[in-house]
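**Q** So the sequence shown is residues 409 to 496, counted in the working numbering.
Before I ask anything, let me first share the structure, which is written out below as structure tokens.
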Amino acid sequence: NSYIGQTKRHLGTRVKEHFNNIKLHESNLSVISKHKLEFNHDFDSSIPVILHNERYVRKRKIAEMFFIKKFDNTINLQKDTESLNNIY
């Protein structure tokens with residue numbers, strides 16, 4: 409399974425936050441920690457892939473929704489894409 413998310417911060421910082429949430433058993437802070445704690449599925453933090461680079465937050469959020477819709481095997485909540493126009 410994969411996870412798609414957007415951040416303005418350094419990727420390594422955001423990845424560490426997700427894995428710290430898992431260590432602290434904080435399932436309510438991210439979909440990654442919730443999925444790991446509920447299903448015991450592992451994620452390889454050493455190979456995150458940047459799908460798109462965008463400076464502006466609104467464009468980042470649109471790109472995030474687009475990629476969540478594009479890829480079938482994500483653990484993202486589909487409600488994360490509700491505001492994406494069907495034209496995409």
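For every residue, glycine included, the Cβ atom is placed at its ideal position computed from N, Cα and C.
If you're wondering where the values come from, they're calculated on a predicted model, not measured in any experiment.
1. Out of F427, K477, R417, point me to the one whose CA is closest to Y464's CA.
2. Quick one, are the C-beta atoms of L459 and F475 less than 7 Å apart?
3. Pick out whichever of Q414, L419, T415 has its Cα sitting closest to the Cα of I455.
4. Can you give me the Cβ contacts of E434 inside the same chain, cut-off strictly under 7 Å, excluding the 5 residues immediately before and after it?
5. In terms of alpha-carbon separation, which member of K444, L492, D450 lies closest to R466?
6. Do you know how far the Cα of E462 is from the Cα of N409?
**A** Let me spell this out:
1. By one-based count along the sequence shown, residue 464 stands at place 56. Taking only the C-alpha atoms, the option nearest Y464 is R417.
2. Taking the sequence shown and counting its residues from 1, the one referred to as residue 459 is at position 51. Taking the sequence shown and counting its residues from 1, the one referred to as residue 475 is at position 67. Here L459 is near F475, since their CB atoms are less than 7 Å apart.
3. Reading the sequence shown from its first residue, position 47 is the one you call residue 455. It is L419 whose Cα lies nearest to the Cα of I455.
4. As a first step, residue 434 must be located in the sequence shown, where it is residue number 26. Taken in chain order, the residues that qualify are S441.
5. Translated into positions along the sequence shown, residue 466 becomes position 58. Per the Cα distances, L492.
6. By 1-based counting over the sequence shown, the position of residue 409 is 1. By 1-based counting over the sequence shown, the position of residue 462 is 54. Straight through space, the alpha carbons of E462 and N409 are spaced by roughly 24 Å.
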